Amino acid sequence: MSREPSPPLPGDMSTGPIAESWCYTQVKVVKFSYMWTINNFSFCREEMGEVLKSSTFSSSPSDKMKWCLRVNPKGLDDESKDYLSLYLLLVSCPKSEVRAKFKFSLLNAKREETKAMESQRAYRFVQGKDWGFKKFIRRDFLLDEANGLLPDDKLTLFCEVSVVQDSVNISGHTNTNTLKVPECRLAEDLGNLWENTRFTDCSFFVRGQEFKAHKSVLAARSPVFNAMFEHEMEESKKYALERLKVMCEEALCSNLSVENVADTLVLADLHSAEQLKAQAIDFINRCSVLRQLGCKDGKNWNSNQAADIMETSGWKSMIQSHPHLVAEAFRALASAQCPQFGIPRKRLKQS
């Protein structure tokens, strides 16, 4: 059964002209579906005009409005004798009439809907009245095994019904003097507060450069900063800024080059950035593999890059200060694992 949307508030109408009074009409529509399987369909002996009927169905067990499907396997009349005719019949109804739209389809061997036909408008049904399609599908097409519409000689019909229920009006008056609430500018205001360094109460020193900040914002964004400020901690090795760390890894991965890959590998090892470390080793090994294959094309790769890496000051420095990283790079090369190069697979969390 369909879920009814909530009526809009008068404030939702403020984008256009404002009237002193308004009305919102909610037309209730109940949607439900029904599946009918006819076994041994090819043995149906009904002649033209004769009919098969399904059992009755409704939108819910408590709904007194009952429906059924009606099929003429060999058409309704001479005009449709080469077709299967299909109709939706209102069997019983506590109201004098109802309006409904419907959609018919067949389920193939894969239980997929096919050959769908639907009403273009809501039809008026009274008890005993049916609406449908006299030429729903050609019999020769339906009986052709190549089309897969009669798996195990079973015809499966699927019907979706949308019944129009009573409409409800909600009305009221608009206070044209109501003030419009300004849009929230919290993010912009906080950004301006930081850029202007107003009311800052703490500082970070990075390579001789001072960055002023606000304790309240840092404490709100990091539980470790919160604990540091509360307990006057002197230092901390980790600041629970996981999202910032991943963003930095992503930026470094996107800018790997022959000149900086060795320095990046050392940096990744120093800060336990495992994904960045794997990407740097992969970059080095790809250069080596492509050099062995004599590959001269391909997305800024060429056969001289492996040799170029080993000539950089970063590589020479790494040999002296971090020889274990050189060993790791060659172990990865020996394993012949060459995964797709790209940014870290870890997704940034939205905040």
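Reminder that position 37 of the sequence shown reads as 36 in numbering that gives the first Met the number 0, one-by-one numbering, no gaps.
Ideal Cβ placement from N, Cα and C applies to all residues, glycine included.
Only a predicted model underlies this, so the values are computations on that prediction, with no experimental measurement involved.
Rounded to whole angstroms, the gap between the alpha carbons of Phe56 and Asp139 is 30 Å. For Phe135, the secondary structure class from DSSP, reduced to helix, strand or coil, is strand. For Arg123, the CB contacts under 7 Å within the same chain, skipping 5 residues up- and downstream, are Glu96, Arg98 in chain order. Here Ile169 is exposed. Its C-beta has fewer than 16 other C-beta atoms within 10 Å.
Within the same chain, and ignoring the five residues on either side of Ala121 in sequence, the residues whose Cβ sits closer than 7 Å to its Cβ are Arg98, Ala99, Lys100, Val163. Taking all protein chains in view, the Cβ of Asn284 is crowded by 16 or more other Cβ atoms within 10 Å, so the residue is classified as buried. In chain order, Lys211 place their CB closer than 8 Å to the CB of Thr196, counting only its own chain and leaving out the 5 sequence neighbours on each side. For Phe157, the uninterrupted beta strand (DSSP E) run begins and ends at 154-172, by DSSP.
It is roughly 16 Å from the alpha-carbon of Phe224 to the alpha-carbon of Phe204. No Cβ-Cβ contact shorter than 8 Å links Leu83 with Phe157. Check the Cα spacing between Lys80 and each of Phe135, Arg242, Thr311: the tightest is with Phe135. DSSP, read as helix, strand or coil, puts Ala115 in strand. Counting along the chain, the unbroken beta strand (DSSP E) around Phe203 starts and ends at 201-205. For Ile17, no beta strand (DSSP E) encloses it, and the DSSP letter there is neither H nor E.
Bridge pairing for Leu106: Glu112 [DSSP]. Between the beta-carbon of Asp152 and that of Ser41 there is about 5 Å, and that keeps the pair under the 8 Å contact cut.
DSSP places Ala186 within a helical segment (H, G or I) once states are collapsed to three. Ala115 and Val29 have their C-alpha atoms roughly 20 Å apart. The straight-line gap separating the alpha-carbon atoms of Asp307 and Asp262 is approximately 14 Å. In terms of Cβ geometry, Leu51 and Trp66 do not form a close pair [threshold 8 Å].
With respect to Met309, Val265 sits apart: the two C-beta atoms are not nearer than 8 Å. Around the beta carbon of Ser320, fewer than 16 other beta carbons sit within 10 angstroms, so the residue counts as exposed.
For Lys211, the enclosing beta strand (DSSP E) begins and ends at 208-212.
In this structure, the straight-line span from the alpha carbon of Leu148 to that of Asp281 is close to 52 Å.
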